[in-house]
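Protein chains in written order, with the numbering used here: chain C, 18 to 359; chain Z, 18 to 359; chain F, 18 to 359; chain P, 18 to 359. A virtual CB, placed ideally from N, CA and C, is assigned to each residue, including glycine.
Protein chains: 4
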Amino acid sequence: MTQNIAILGASGYTGAELVRLIATHPSMKIAALSANSKAGLTMAQVFPHLRHLDLPVLQKIEDLSFDGIDLVFCALPHATSQAVISKLPDHVKIVDLSADFRLRNAAAYETWYGGPHKALDLQATAVYGLTEFYRDRIKSARLVAGTGCNAATGQFALRPLIEAGCIDLDEIIIDLKTGVSGAGRSLKENLLHAELSEGMNAYAIGGTHRHLGEFDQEFSAIAGQDVKVQFTPHLLPMNRGILATVYVKGTAQHIYDVLSAAYADEPFIEMLPFGQAPSTHHVRGSNFVHLGVVADRIEGRAIVLASLDNLTKGSSGQALQNANLMLGVEETAGLMLAPLYP
Amino acid sequence: MTQNIAILGASGYTGAELVRLIATHPSMKIAALSANSKAGLTMAQVFPHLRHLDLPVLQKIEDLSFDGIDLVFCALPHATSQAVISKLPDHVKIVDLSADFRLRNAAAYETWYGGPHKALDLQATAVYGLTEFYRDRIKSARLVAGTGCNAATGQFALRPLIEAGCIDLDEIIIDLKTGVSGAGRSLKENLLHAELSEGMNAYAIGGTHRHLGEFDQEFSAIAGQDVKVQFTPHLLPMNRGILATVYVKGTAQHIYDVLSAAYADEPFIEMLPFGQAPSTHHVRGSNFVHLGVVADRIEGRAIVLASLDNLTKGSSGQALQNANLMLGVEETAGLMLAPLYP
Amino acid sequence: MTQNIAILGASGYTGAELVRLIATHPSMKIAALSANSKAGLTMAQVFPHLRHLDLPVLQKIEDLSFDGIDLVFCALPHATSQAVISKLPDHVKIVDLSADFRLRNAAAYETWYGGPHKALDLQATAVYGLTEFYRDRIKSARLVAGTGCNAATGQFALRPLIEAGCIDLDEIIIDLKTGVSGAGRSLKENLLHAELSEGMNAYAIGGTHRHLGEFDQEFSAIAGQDVKVQFTPHLLPMNRGILATVYVKGTAQHIYDVLSAAYADEPFIEMLPFGQAPSTHHVRGSNFVHLGVVADRIEGRAIVLASLDNLTKGSSGQALQNANLMLGVEETAGLMLAPLYP
Amino acid sequence: MTQNIAILGASGYTGAELVRLIATHPSMKIAALSANSKAGLTMAQVFPHLRHLDLPVLQKIEDLSFDGIDLVFCALPHATSQAVISKLPDHVKIVDLSADFRLRNAAAYETWYGGPHKALDLQATAVYGLTEFYRDRIKSARLVAGTGCNAATGQFALRPLIEAGCIDLDEIIIDLKTGVSGAGRSLKENLLHAELSEGMNAYAIGGTHRHLGEFDQEFSAIAGQDVKVQFTPHLLPMNRGILATVYVKGTAQHIYDVLSAAYADEPFIEMLPFGQAPSTHHVRGSNFVHLGVVADRIEGRAIVLASLDNLTKGSSGQALQNANLMLGVEETAGLMLAPLYP
């Protein structure tokens, strides 16, 4: 049985990544692609690396028919998503890759995104898309909200620890390093090769990055109390990959055991041997997460490191994993590609 | 039906690339892996990006059993291959990724590789592994010699043109740009990040690169006369990818038509629209070749550009494509992965 | 004695590079900086790497006073330069870094730049700024036209050879590789890190690059006959540096001798030992040109390689060298900085 | 007056960086260069980017004469330095760039460097080379011990704060990101371009990096009590540059004021406006340090960021600054080069 798929916003990196992954999916068929500013072009014109694939021409969203479409991936910019998804016919399931439906609390949304949410009814039905922790609800959801890529990385390191109560909740620092594709295909000066190559810097420093809204929501929900973390992202001269270096207070071996137990049956989460540090090199282009735990020389402190590819497990791979669940397909379908190295 | 595969020299980049590709192959099973200096280690220790796979432990070649092995990929260094392959049992088919069996003429081998060939009998049975041009002979071969990655790139641009007689054979210049993984995982000063990043240079200049032996052999055979090309490779600050910029004298449109016709049914060769130039970005991690033809402003001259991934189509992907043919498997099995971009 | 300098268009890379170089100049003082869209900002806000310098605030050109200014570097976009320079007071000398005054022939300008020149009178007085070949005229010029960075590189390899008549004028191919800063600080998709890093491609292929106008003008003038070269530029994943691989027909040793003699007394032109190839790594951030000559295996053919930093010797360094001459300062003042390596 | 300089270990990156800097120094002359494994070669053969300079041929140390030499830069590997420096004649002053004389305590040396120190007498006379904090003692020292590049970066962020008592000494975390040239020109697999480009990882994690010995020594001395920090370095795909992201507990504005006051008169330390984050891009190739302070959203926490070039201010630039002091030369001589950007 074939599932007919539409991708809205196919001219961005997450759109192209979805096409790449679905190209090897055993049962999905890309039936429609939208990209408003590039409507009328072929995907080969926008992304020549996909020219070997037989794909529908890019269209404006309003020109798409959703008849026969089973599931829509919505890879549109934040705020646009709300408007578009509100108008999609009831029969389609939706995986949204934007930030629009990640925050359950309307006030929190307004705080982090600077304006009122315009589809609160829909928001109430959305399931947060961190597959490993929302699997059952995702299976029966109509709308799944993809997580932030940084937010996913930090949560893989921390959720089981907060759940188990094995770290000090007041003393969590996430120092995160990300590649540039997380910023999308946008024309900003600081994303130019000449500005970014051979150097790096912190950004959104001091607690202003929007993904903190997700950390606050999720960690507080697990802990049953207000949890606030420190979070400093850094922009690195590489295209893909996130490494979160998470400083916690707790017993390293205990932390390792808790994480190992939590992820024992997960197909995409790999625990490294105790004391080893993961690298973004080793997950590039794949849906895998590599997790390491190291004891610090200072008693009672540990470093948890989580690495994933922001475009795959941090975004489009996660989206496909969720879509598989929603459509009753094998969860790993299309996602077992090995990382590209070197 | 499952084909049991052994990979000799699995601790190098071409070995790892074979494992990556075979990981998605529908019928091949990796049954044995060798890496002499790293015998006893797991593949996850040598290449952590492959840690999600269930793979045999690395062993010394002499400790491997070839019982039940259908095909061996030999990813050993030049010269070592000859010795090892000579001793493999008769029942195994072999795809060699080294340079050892590429040159049919013993004197030419000696010229380019600096010493006598030690397995001339075996050499006489080897088929040159440029799949698109040796397909039928590969199907029935026991030993296939993988081509040089640069040699493959240049041949994709030129073979049909020489065959068709539509370019001046005395005036062919191949200016080639290659990423660094073509040099392997070897500890050489000029391969260090600090030495290579943010700059580039020509090397093996003036006609000293060994892949010229392949150009000479193949082009002369097609033309029925001695053909010598100019060939200047350049080392670029990127890990994967080759672009050959080939300067020829002939009519650009005619050249385009000849190439288009030659590759019309090839699953991995993509002709770009006339006048467009390919990019190494668009083939990264894939088995595809992108070909472009552009007319120069000077009447009667054209530029043919060929781009491929040196580790995939230029080496391990080609090897798998040949192995598929030798084993009677669908030629494209395990090889339809879309390029990784960005 | 201090020379007062104004830089127009100081918010681009060539503007910043001028400031960097002049910072160590023994007698120049930056007295005025313009940047229309960033007027009112300090240079430290636009280019934080220059924050240790005491520099004038950026202003709109119309707000600048040229009283007391000795020389203006005009680092404005093509076409804008003509309009601005026409209105500068007579007492200022001008080094223009744009393409506006490079082509002496009005028709050629129109062909390559797509519209009529609007300051032909001024054009008639401009001296082409390739210092090593126009030194005497530059000394007495009011307006010097900086060359194209690619055009400079190719000319360093070829001018003495054409002058000496030692190569075949009908068979010159310049295969050029350039870093991305040559494209300036402009917001174009193909200049993004995610699009450029880890891959490369040819562009302006087939004879459409505007720097061909300079090659045609200069080479034809030297030869006393129409000379047309083939020229294929490639965009590489590096910020600075150009390598021209020039294919010529002639005797390599003779070519080497001619170049060596031509550049024997030049402070910035370094001849490598015969047979050695230069690297862009070794000129980064400096005003030096490295030249190499190699004999091809095919009799009667040679490869000439020229390497320089497009922002320094290819643009702002050349501009400062010319300014030194125009102001009667030591030609090398501010320009003897060693390359940055690694 | 000219100072005659010898550089021991000139074939490494710090040696080459010293030559680059001294090339623009107004009064120093490089009179001798050693490089044991490359003795007999010219510097142009080992580092072609320095070919325009007139430099002595590389010699073995035992073949050098120190007559007339005023100061020796010793850029030899750890442990080798002790042996070599012990034998230098009394009249030469010495700046050592190795780790050999950084730790005042013999037991601490043994702990961090795995063996007993072999020149403890000499050690007792060495001054720790963090110029801004040991300036007076450096002026009169015969032997100055260059600091670790990471150790310098962390200390610029923290020393005035510990001195002022304005942060919690038990809660200091230094998350540091470094470029690859800090590892030197050594042939290690993880330093290859193919292994490092486009990805990153933590290393020496959990408190095992040797520069912790310097942090412990210096911070404890300032505080008058045992101070232990957490320190996690990360290896990034860039050649030069260190960014330390330092997490502290204290009042951000107070911290900013303390740092601003401490560095008010320092020629190489630049305080960014409050709330701004520095970038490694903006110090590349220069002797400058950029410092930023940001308040976290969590009350009572701040992030201090320090950025410098590991080869310049982190090593050879610091060495030259110290040498200037030791020789009675202007402290900034040869060191006011603006950063190279882009």
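Classify residue i: buried if its beta carbon has 16 or more other beta carbons within 10 angstroms, exposed otherwise.
i	result
P:T142	exposed
F:Q242	exposed
Z:R37	buried
Z:A124	exposed
P:A269	buried
C:T170	buried
F:N122	exposed
Using a C-beta cutoff of 8 Å, does residue i count as contacting chain F?
i	result
P:N207	no
C:L114	no
Z:I190	yes
Does the CB of residue i have a neighbour CB from chain Z at under 8 Å?
i	result
F:S296	yes
C:R325	Strictly speaking, residue 325 of chain C in this sequence is Leu, with Arg absent from that position. No - not a single Cβ of chain Z is within 8 Å of the one on C:L325.
F:I315	yes
C:F64	yes
F:Q247	yes
C:F305	yes
Please report the residue range of the alpha helix (DSSP H) in which residue i lies.
i	result
C:R119	Run containing C:R119: none; DSSP gives neither H nor E here.
C:M343	G334 to M343
F:D233	H228 to A240
P:R37	Y30 to I39
F:L139	L137 to T142
F:A211	H210 to L213
Z:S103	T97 to S103
Do residue i and the ligand NAD come close, with the Cβ less than 7 Å from some heavy atom?
i	result
C:T268	Absence of the ligand NAD from the depicted structure is noted, as is the absence of any ligand whatsoever, leaving it without description.
Name the chain Z residues whose beta carbon is nearer than 8 Å to that of residue i?
i	result
F:H251	K194, L260 and T262
P:L204	L204, K205, E206 and L209
Cβ closer than 9 Å: which chain F residues qualify as neighbours of residue i?
i	result
C:S214	V197, H210, L213, S214, P254, M255 and N256
What is the residue span of the beta strand (DSSP E) that residue i lies within?
i	result
C:L276	From DSSP, C:L276 is part of no beta strand (DSSP E) but of the alpha helix (DSSP H) over A269 to A279.
P:Y130	Unbroken run through P:Y130 is the alpha helix (DSSP H), A123 to Y130; no beta strand (DSSP E).
C:V197	It is not in any beta strand (DSSP E) - C:V197 carries neither H nor E in the DSSP assignment.
F:V63	First-last for F:V63: M60 to V63, but that is the alpha helix (DSSP H), not the beta strand (DSSP E).
C:T262	I259 to K266
Let me see if you follow: with CB-CB separation under 8 Å, is residue i close to chain C or not?
i	result
P:Y126	no
Z:A281	no
P:N339	no
Z:Y30	yes
P:A219	yes
Given that residue i touches chain Z, what residues does it touch there, using C-beta distances under 9 Å?
i	result
C:M353	A40, T41 and H69
C:R37	L354, A355, P356, L357 and Y358
What does residue i reach in chain Z if we use C-beta pairs closer than 7 Å?
i	result
F:I222	A294, V311 and I320
C:A33	Y358
Note down, in chain order, every chain P residue with its Cβ under 7 Å from the Cβ of residue i.
i	result
F:E287	R68 and H69
Kindly indicate if chain P contains any beta-carbon less than 8 Å away from that of residue i.
i	result
Z:R301	no
C:I184	no
Note down, one range per segment and in chain order, each beta strand (DSSP E) of at least 3 residues found wholly within the stretch 147-186 of chain P.
160-162
If you scan the stretch 286-356 of chain F from start to end, which runs of the alpha helix (DSSP H) of 4 or more residues do you find wholly inside it?
334-344
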